[in-house]
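Protein sequence lines correspond, in order, to chains F and G. Going by this note's numbering, the first residue of the first sequence is number 318, and it counts up by one from there. Going by this note's numbering, the first residue of the second sequence is number 34, and it counts up by one from there. We put the beta carbon where it would ideally sit given N, CA and C, even for glycine.
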Amino acid sequence: MKIDPILTRAGDWLSGGSRHPIVISSRVRLARNLAKLPFPGWAKKSERVRILEEIKPEVDLLPAIKDGFSEQLNELTATEKQVLVERHLISREHAAKGMGSAVVINPPQTISIMINEEDHLRMQAITCGLDLEKTFQMIDEIDTALEAQLDFAFDEELGYLTACPTNVGTGMRASAMVHLPGLVLGEQINQVVNSVNKIGLAVRGLYGEGTEAMGNLFQVSNQTTLGEKEDQIIERLQKVIETLIQRETQARESLLATKRTTLMDQIGRAYGILTHAYSISSKEALNLISILRLGIDLGFFPEEGRAIINQLLMDTQPAHLQNLSQQKLAAEERDHLRADIVRERLKKFPRPPNTKSPGQ
Amino acid sequence: MICDVCKTHTATVYLTQIVDGNMKKINLCESCSKEKGVADPTGFALADLLLGLGENQQVEQVTQTEHCPVCGFTQADFKKTGRLGCSTCYNTFSDALGSLIKAMHKGTQHTGKIPARLYRDLARTDRLNELRKHLEDAVSKEDYEKAANLRDEIRQLEGGRSQPI
Ligand SMILES: [Zn+2]
Ligand SMILES: [Zn+2]
Numbered sequence: 318m319k320i321d322p323i324l325t326r327a328g329d330w331l332s333g334g335s336r337h338p339i340v341i342s343s344r345v346r347l348a349r350n351l352a353k354l355p356f357p358g359w360a361k362k363s364e365r366v367r368i369l370e371e372i373k374p375e376v377d378l379l380p381a382i383k384d385g386f387s388e389q390l391n392e393l394t395a396t397e398k399q400v401l402v403e404r405h406l407i408s409r410e411h412a413a414k415g416m417g418s419a420v421v422i423n424p425p426q427t428i429s430i431m432i433n434e435e436d437h438l439r440m441q442a443i444t445c446g447l448d449l450e451k452t453f454q455m456i457d458e459i460d461t462a463l464e465a466q467l468d469f470a471f472d473e474e475l476g477y478l479t480a481c482p483t484n485v486g487t488g489m490r491a492s493a494m495v496h497l498p499g500l501v502l503g504e505q506i507n508q509v510v511n512s513v514n515k516i517g518l519a520v521r522g523l524y525g526e527g528t529e530a531m532g533n534l535f536q537v538s539n540q541t542t543l544g545e546k547e548d549q550i551i552e553r554l555q556k557v558i559e560t561l562i563q564r565e566t567q568a569r570e571s572l573l574a575t576k577r578t579t580l581m582d583q584i585g586r587a588y589g590i591l592t593h594a595y596s597i598s599s600k601e602a603l604n605l606i607s608i609l610r611l612g613i614d615l616g617f618f619p620e621e622g623r624a625i626i627n628q629l630l631m632d633t634q635p636a637h638l639q640n641l642s643q644q645k646l647a648a649e650e651r652d653h654l655r656a657d658i659v660r661e662r663l664k665k666f667p668r669p670p671n672t673k674s675p676g677q
Numbered sequence: 034m035i036c037d038v039c040k041t042h043t044a045t046v047y048l049t050q051i052v053d054g055n056m057k058k059i060n061l062c063e064s065c066s067k068e069k070g071v072a073d074p075t076g077f078a079l080a081d082l083l084l085g086l087g088e089n090q091q092v093e094q095v096t097q098t099e100h101c102p103v104c105g106f107t108q109a110d111f112k113k114t115g116r117l118g119c120s121t122c123y124n125t126f127s128d129a130l131g132s133l134i135k136a137m138h139k140g141t142q143h144t145g146k147i148p149a150r151l152y153r154d155l156a157r158t159d160r161l162n163e164l165r166k167h168l169e170d171a172v173s174k175e176d177y178e179k180a181a182n183l184r185d186e187i188r189q190l191e192g193g194r195s196q197p198i
């Protein structure tokens, strides 16, 4: 499979499956290394190539990866790599790699395997909505299949050994991408972020920090990996996410009850700007699209609008625009193209109500 | 390499001594070497006393910056990058890493997934320990027939030992 189908089609975690109003996606990543071989950051180029040659054929043979996309990073353009970053299929660090590193992605883009990132193997599953358990199982199966073929570095006391000591033990990072416009608009977000961080889980803006988080998108994840079983970590994270959902729902209800006019004003303005702008930055677009999404959640727009919104979240990102235009764009040209695409897509998007009661 | 004195910490001081033409080596961790005064060149005799090696003839001290035997990584490299060189580095620098890992994580003992190959090894070790206990029991009760059966079973299990991971 060439990269084109990946670039032209959104992954299942964004376009398909369950639709959760608050949790956009669930992700679980495992870090693994081959025993007694230098980690990618310390290995010489020739060693990295040899390690890649040992791992990649085994990954390519996985039934779950059949007909997927598998490529060495030196074969991809900077834009192609950046698109994969924006899709959450590879990390920013991995995009900077070239010779001796590779990425393997299954056709629905729910599993991606980075070879020679910070660790020899970084394997992740990403699914739509809130289902950390299923997401873990997906990647656990891949790990089990690979460990039968590869000799993973493991210590009875420290568990899986990783390049960075922050990942030893399970080598697992489980996370959820959550949309919290209610808490941001209600000015409760910093308090919530601080209280979650205190219990050993991390909440950070997906793009930017705290109230500066673009698009009101946040990522919640475990910070520790040693001393707890995988399912214990996931259970703890799940509980915190449920609390976040509860707090966000309450914040939205309270906004509807006490600041209904302000809320509708924001939604109306977001719609107005997005449908009439001729130049819009990535940050502004993301923030306004987030408000339209909130409008759908609250019943101001019909549910059909959600697919358009989700697609726009991806397609308005810099590398996605770059890839679409097929030529080098200056920042200003990107803002123009972004506005053109948003206006075009929102032609099919229903107008917001012009009275204050929802669901007209 | 483990300290020859406390048998727990990683050795950072290596002493080599020639006794009657035979080379003897002793490896000490930092705290034990200080405690025994090995860091002080005039205190070398202490190392001899310690190991009962007799008169010291030729001693050289190799307090080197420790390199990982597999990948050549040093602690200075770790301070620079915050990443280790290879999985064996966890052994090489276990002294320094121990407290760091303890501060970073919820616990110090992995309780999660174990690679299936190793899991089978651990299960066999458990079973062997159990059988050896039964064997002791049987012998003390002079149940020799049972003891013989247990011994066979143990021998069979031991023969099937796979390579440690
Ligand atoms: Zn010692
Ligand atoms: Zn090493």
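Nearest CB-CB separation between residue 131 of chain G and chain F: not below the 7 Å threshold.
Any Cβ of chain F closer than 7 Å to the Cβ of residue 43 of chain G would place that residue at the interface, and such an atom is absent.
In the structure shown, residue 154 of chain G falls within a helical segment according to DSSP collapsed to helix, strand and coil. The secondary-structure analysis by DSSP pairs residue 496 of chain F across a beta bridge with F/534. Judged by beta-carbon spacing, residue 355 of chain F lies beyond the 7 Å limit of residue 62 of chain G, meaning their Cβ atoms are not closer than that value.
A Cβ of chain F is located within less than 7 Å of the beta carbon of residue 121 of chain G. Taking 6 Å as the cut-off, the C-beta of residue 481 of chain F does not count as close to any heavy atom of ligand 2. The chain-ordered list of residues whose CB is nearer than 5 Å to some heavy atom of ligand 2 reads G/101, G/103, G/104, G/106, G/118, G/119, G/121 and G/122. Neighbours of residue 137 of chain G in chain F, taken as residues whose beta carbon is under 8 Å from its own, are 482, 483, 541 and 543 in chain order. Here residue 490 of chain F is not near residue 429 of chain F, since their CB atoms are 7 Å or more apart. At a cut-off of 7 Å, the C-beta of residue 102 of chain G has no neighbouring C-beta in chain F. Within 8 Å of the CB of residue 134 of chain G, the CB atoms of chain F belong to 475, 482, 485 and 543, in sequence order along the chain. Shown here for residue 361 of chain F: same chain residues with a beta carbon closer than 8 Å to its own, the five before and five after excluded, namely 355 in chain order. At least one C-beta of chain F is nearer than 7 Å to the C-beta of residue 117 of chain G. Apart from the 5 residues on each side of it in sequence, residue 455 of chain F sits with its Cβ closer than 6 Å to the Cβ of 442 in its chain, given in chain order.
The stretch 592 to 599 of chain F and the stretch 646 to 663 of chain F touch, with three or more beta-carbon pairs separated by less than 8 Å. In this structure, DSSP gives residue 119 of chain G an extended state, which the three-state scheme calls strand.
Short of 7 Å from the beta carbon of residue 605 of chain F, and not among the five residues preceding or following it, lie these beta carbons of its own chain, in chain order: 587, 590 and 591. At the C-beta level, residue 636 of chain F and residue 345 of chain F stay beyond 7 Å of one another. With contacts defined by Cβ atoms closer than 7 Å, residue 452 of chain F and residue 542 of chain F do not form a contacting pair. Listed in chain order, the positions of the stretch 435 to 446 of chain F with a beta carbon within less than 8 Å of a beta carbon of chain G are 435. Under the 10 Å beta carbon count, residue 115 of chain G is surrounded by fewer than 16 other beta carbons and is classified as exposed. Beyond the five residues adjoining it in sequence on each side, residue 369 of chain F comes within less than 8 Å, by CB distance, of 389, 417, 418, 419, 432 and 433 in the same chain, given in chain order. Burial is judged here by how many other beta carbons sit within 10 angstroms of a residue's own beta carbon; residue 477 of chain F has at least 16 and is buried. Secondary structure note for residue 444 of chain F: its beta strand (DSSP E) is the uninterrupted segment 438 to 445. Burial check for residue 123 of chain G: the Cβ neighbour count within 10 Å reaches 16 or more, so the residue is buried. Around the CB of residue 192 of chain G, fewer than 16 other CB atoms lie within 10 Å, so the residue is classed as exposed.
Residue contact with chain F for residue 143 of chain G: present (Cβ-Cβ distance below 7 Å to some residue of chain F). Rounded to whole angstroms, the separation of the alpha carbons of residue 132 of chain G and residue 644 of chain F is 52 Å.
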